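First comes the structure, then the notes that go with it.
In the working numbering, the protein residues as written are 47 to 142.
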């Protein structure tokens, strides 16, 4: 079986590039906050924080005044951050 790969290049407008940068920045923030919550939960309280709890935290974060900008970008990529975090967390625990 032959596998094919396609490579595409796109040239976003300044507005599209700005929106893409903001979306990726917000996704990075959500990932880092979820990682912090999981790490703190485990090392301080020996509590496992999974996808369900992280999703609930995301809802709380979006309601905070200082994180109001999370509502200005698409929320589609946000759920993937805790999912990827769960996979990475499980791998890190397995490698110990």
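From the three backbone atoms N, C-alpha and C, an ideal C-beta is built for every residue, glycine too. Note that the structure is a prediction, hence the values are computed from the model and not measured.
Classify residue 104 as buried or exposed, calling it buried when 16 or more other Cβ atoms lie within 10 Å of its own Cβ. Walking along the chain shown from the start, residue 104 turns up at place 58. Residue 104 should be labelled buried.
Suppose contacts are defined by Cβ-Cβ distances below 8 Å. Is residue 113 in contact with residue 77 by that definition? For the purposes of this step, residue 113 is identified with residue 67 of the chain shown, where counting begins at 1. For the purposes of this step, residue 77 is identified with residue 31 of the chain shown, where counting begins at 1. In this structure, residue 77 does not lie closer than 8 Å to residue 113 by Cβ.
Can you give me the C-alpha to C-alpha distance between residue 123 and residue 116, rounded to a whole angstrom? On the chain shown, residue 123 is found 77 positions in, with the first residue counted as 1. On the chain shown, residue 116 is found 70 positions in, with the first residue counted as 1. When rounded, the distance between both Cα atoms is 11 Å.
With 16 other CB atoms within 10 Å as the buried threshold, where does residue 85 fall? By one-based count along the chain shown, residue 85 stands at place 39. Residue environment: residue 85 is assigned as exposed (fewer than 16 neighbouring CB atoms within 10 Å of its CB, all protein chains considered).
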